[in-house]
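Colleague:
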Amino acid sequence: APLALDRLAALNRHDLELYDQASERFEQQWARYQAQPRRTYSIAARLRITAEQAKSGLKAQMLHTWPGLAEQVRRARAKRRNTQNGST
109 APLALDRLAA LNRHDLELYD QASERFEQQW ARYQAQPRRT YSIAARLRIT AEQAKSGLKA
169 QMLHTWPGLA EQVRRARAKR RNTQNGST
């Protein structure tokens, strides 16, 4: 029995040494990781695409439900340009 206890104590010491080495290595690697700047990714492009899709979808729906809208908008813009330029 004393031989088994000595063997267990030796194995336990060895396990504790390995644990200490692993903990030290982890701390070093974690410090190295924390020292590196991390990039964050912007979602602005994704939101812009979604907004453009919504805009084109609404525009298509309006033109479908109000067929003369494009021509009315063109006339109103031309009239406003002519008014701003001094001619009526």
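Oh and the sequence shown: position 79 is 187 in my numbering, straight run, nothing missing. Cβ coordinates follow ideal geometry from the N, Cα and C atoms, glycine included.
What is the rounded straight-line gap between the Cα of Trp174 and the Cα of Ser150?
Modeller: 37 Å
Colleague: Classify Ala109 as helix, strand or coil using the three-state DSSP reduction.
Modeller: coil
Colleague: Helix, strand or coil, according to DSSP, for Trp138 in the structure here?
Modeller: helix
Colleague: Give every residue of the same chain whose Cβ lies closer than 8 Å to the Cβ of Thr158, excluding the five residues on either side of it in the sequence, and list them in chain order.
Modeller: none
Colleague: What does the alpha-carbon distance come out to for the pair Leu111 and Ala130?
Modeller: 29 Å
Colleague: Helix, strand or coil for Asn193 per DSSP?
Modeller: coil
Colleague: What separation, rounded to the nearest whole angstrom, lies between the Cα atoms of Leu177 and Leu166?
Modeller: 13 Å
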